[in-house]
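The structure appears right after this line, and notes come after that.
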Amino acid sequence: MGTYRCEPCGKNFGGTTDLARHMRCGIHVPIVKKPKAVYYCEHCQYTTNGSRDIKLHLKTAKHSKNTRKAMLVEIRNYTPS
Ligand SMILES: [Zn+2]
Ligand SMILES: [Zn+2]
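Counting with the working numbering, you get residues 1 to 81 for the letters of the sequence shown.
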C-alpha cells in the first residue's frame, strides 16, 4: 500500500480517506473544486446541479418523449455564462 500525496502542499497520507479529509479542510477547496455540471431545461428554465434531479424533472408530465429528447441535447451543449 503506497502513500497518497497532496500535490499542492507535498504532504503524504496513508490512505485515500486521510487525503480526502485533508482536501476538504478548507485550504484546498478553491484549487480542487471542479466546476459542476449544470443541467438545464430550456422548456421551463429549470437548472440543477444534480443529474438525478434533471432526470426526475424530465420525467414529469409536462415533458413529452420528444421534448425530453430535445431537452437532453440542450443539456449537453449548455455552458454556464
Ligand atoms: Zn494539501
Ligand atoms: Zn422542464
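Every residue, glycine too, gets a C-beta built ideally from N, C-alpha and C.
Discussion item. In this structure, how does DSSP classify T3 when only helix, strand and coil are distinguished?
Written reply: coil
Worksheet item: Does the beta-carbon distance from T3 to G14 come in below 8 Å?
Response: yes
Practice prompt. Could you spell out the range, first to last residue, of the alpha helix (DSSP H) harbouring T17?
Written response: It spans 16-23 - the alpha helix (DSSP H) in which T17 sits, taken as one unbroken run.
Worksheet item: Looking at the structure shown, is K11 part of a helix, part of a strand, or coil, going by DSSP?
Response: strand
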